[in-house]
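There are 2 protein chains.
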Amino acid sequence: MDGTLTERGRQTRQRIIEATGQQILAGGIGGTTLDGVRAATLTSKSQLFHYFPGGKNELVREVAAWEGDQLLAAQLPWLDDLSTWESWHAWRDALVDYYLGLGRWACPIGSMAWEAAATDPELAAGIAEAMRAWRGKLADGVRRLQAAGGVAPTSDPERLAAAILAAVQGGLMLSQPERSSWPLEAALDSLLDVLRAGAPATNVP
Amino acid sequence: MDGTLTERGRQTRQRIIEATGQQILAGGIGGTTLDGVRAATLTSKSQLFHYFPGGKNELVREVAAWEGDQLLAAQLPWLDDLSTWESWHAWRDALVDYYLGLGRWACPIGSMAWEAAATDPELAAGIAEAMRAWRGKLADGVRRLQAAGGVAPTSDPERLAAAILAAVQGGLMLSQPERSSWPLEAALDSLLDVLRAGAPATNVP
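Protein chains in written order, with UniProt numbering: chain A, 1 to 205; chain B, 1 to 205.
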């Protein structure tokens, strides 16, 4: 749809997406209503359906897609590299900084996953696909580090990538009530230790 | 309240709690209604308020408490030990079996955490407290293994415990859309590798 919008239309559409994202963070998907979004963005019902003919479900999916893009962008250029220890550590720092910048220890995508699984199969499938794509990029990174001799050749990149992404998501879940990054950092650093422990050169005590 | 209930009253109350737990798994907290619980349990409105005077919020908190108790019980007796590798591996297997037995790759407590954070501060505080208690038991286990010489004395038990619990919660989140335990097992096993890597005796290549 974006291709047919004027610049002003594009801005309005984006304003609606961002305001909806704020409402989801504050009240969950269940606590988000089109009336609330209209009030926050001073838009009319017909404007809302002009930009999002599928109503709330379409709008929530567009929020998830936009937040997924933001999240990936925050991890660049490192996420596309990860062939060195420096790259892994820069990736880890960029990710922690991204969540810190959100002002809330929550993954905009991951925090929707359970509610989506229970209420909107299409949204749940989209979130699962975003997680698989993210996991795939981490697995590619493990393979690059492995090719460079930084990880044991016997390590399974897919399993390590799943463990790293689990550390991100589970770490955020534990960080949220503590209002601190320490659980996220502890989880991420433990996984970077796993990678490092597999490196032949670091197996020397 | 339990103390003043007849055996039959206790059974009815428990039946209501379990039916509510099923509704939360199927539709989230937001998708759970007292009318739905009444229909599923064939109870009257006055019965429901007799057992749960605080209405839906009280009922959801009782579900979380009951599910938290079930989850801890499933990890016994290992969770109270964890002083040996055998104990850690038996704990890991019992936990995976527990989630397998639920028929759904989700933590009954963890899957409520994000929605609770957005909608019910008292419930969110209760879930956070349950997570801290669980994390504390894992940290005690790391200390016992450390005292037995199984973990490097320089390792921080609180950080390792947070990383292990993050692996459980994040692993479940990735397992759910895959309908498979492999991401959970990959995340858990990576963390057990971290513990093991810290053991002086296993640092020998």
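Where a beta carbon is used, it is the ideal one built from N, C-alpha and C, also for glycine.
Item                                                                                                                                 : Value
Residues near P53/B in its chain [Cβ-Cβ closer than 8 angstroms; skip 5 each side]                                                   : none
D193/A versus V96/A: straight-line alpha-carbon distance, rounded                                                                    : 17 angstroms
Element boundaries [alpha helix (DSSP H), containing R179/B]                                                                         : First-last for R179/B: undefined, no H or E at that position.
As assigned by DSSP and simplified to three states, the class of D140/B                                                              : helix
Secondary structure of Q14/A, DSSP reduced to three states                                                                           : helix
Chain-ordered chain A contacts of P183/B [CB-CB under 9 angstroms]                                                                   : R135, R159, A162, A163, L165, A166
Touching by the beta-carbon criterion (3+ pairs, under 8 angstroms), the region 170–180 of chain A and the region 128–137 of chain B : yes
Alpha carbon of G110/B to alpha carbon of I127/B, nearest angstrom                                                                   : 8 angstroms
Exposure of G101/A, with buried meaning 16 or more beta-carbon neighbours within 10 Å                                                : exposed
Any alpha helix (DSSP H) of 4 or more consecutive residues that is wholly inside the region 110–137 of chain B                       : 110–119
Cβ of T119/A within 8 angstroms of any chain B Cβ                                                                                    : yes
Contacts that G171/A makes with chain B (C-beta to C-beta distance below 8 angstroms)                                                : A162, A163, A166, G170
Unbroken alpha helix (DSSP H) run spanning R104/B, endpoints                                                                         : Neither: R104/B is in no alpha helix (DSSP H) and is coded neither H nor E.
Cutoff 8 angstroms: L82/B Cβ touching any chain A Cβ                                                                                 : no
F52/A (DSSP reduced to helix, strand or coil)                                                                                        : coil
Integer Cβ distance of I17/A from E62/A, believed to fall under 8 angstroms                                                          : 6 angstroms
Proximity winner among C107/B, E122/B, P121/B, relative to I115/A (alpha-carbon distances)                                           : For the sequence presented, residue 115/A should be read as Glu rather than Ile. With distances taken between Cα atoms, E115/A lies closest to C107/B.
Closer than 8 angstroms at the beta carbon, the chain B residues around D193/A                                                       : V194, A197
First and last residue of the uninterrupted alpha helix (DSSP H) at V37/B                                                            : 34–41
Cα-Cα separation between Q11/A and R104/A, rounded to whole angstroms                                                                : 25 angstroms
Assumed close pair G21/A, E86/A - CB separation to whole angstroms, cut-off 8 angstroms                                              : The Cβ separation is near 33 angstroms, so there is no contact.
Given 8 angstroms, three or more beta-carbon pairs between the region 132–146 of chain B and the region 40–57 of chain B             : no
Cutoff 8 angstroms: Q22/A Cβ touching any chain B Cβ                                                                                 : no
Nearest-angstrom beta carbon gap, L195/B and A167/B [assumed within contact, 8 angstroms]                                            : Not confirmed; about 11 angstroms, so no contact.
S155/A classed as buried or exposed, judged by whether at least 16 other C-beta atoms fall within 10 angstroms                       : buried
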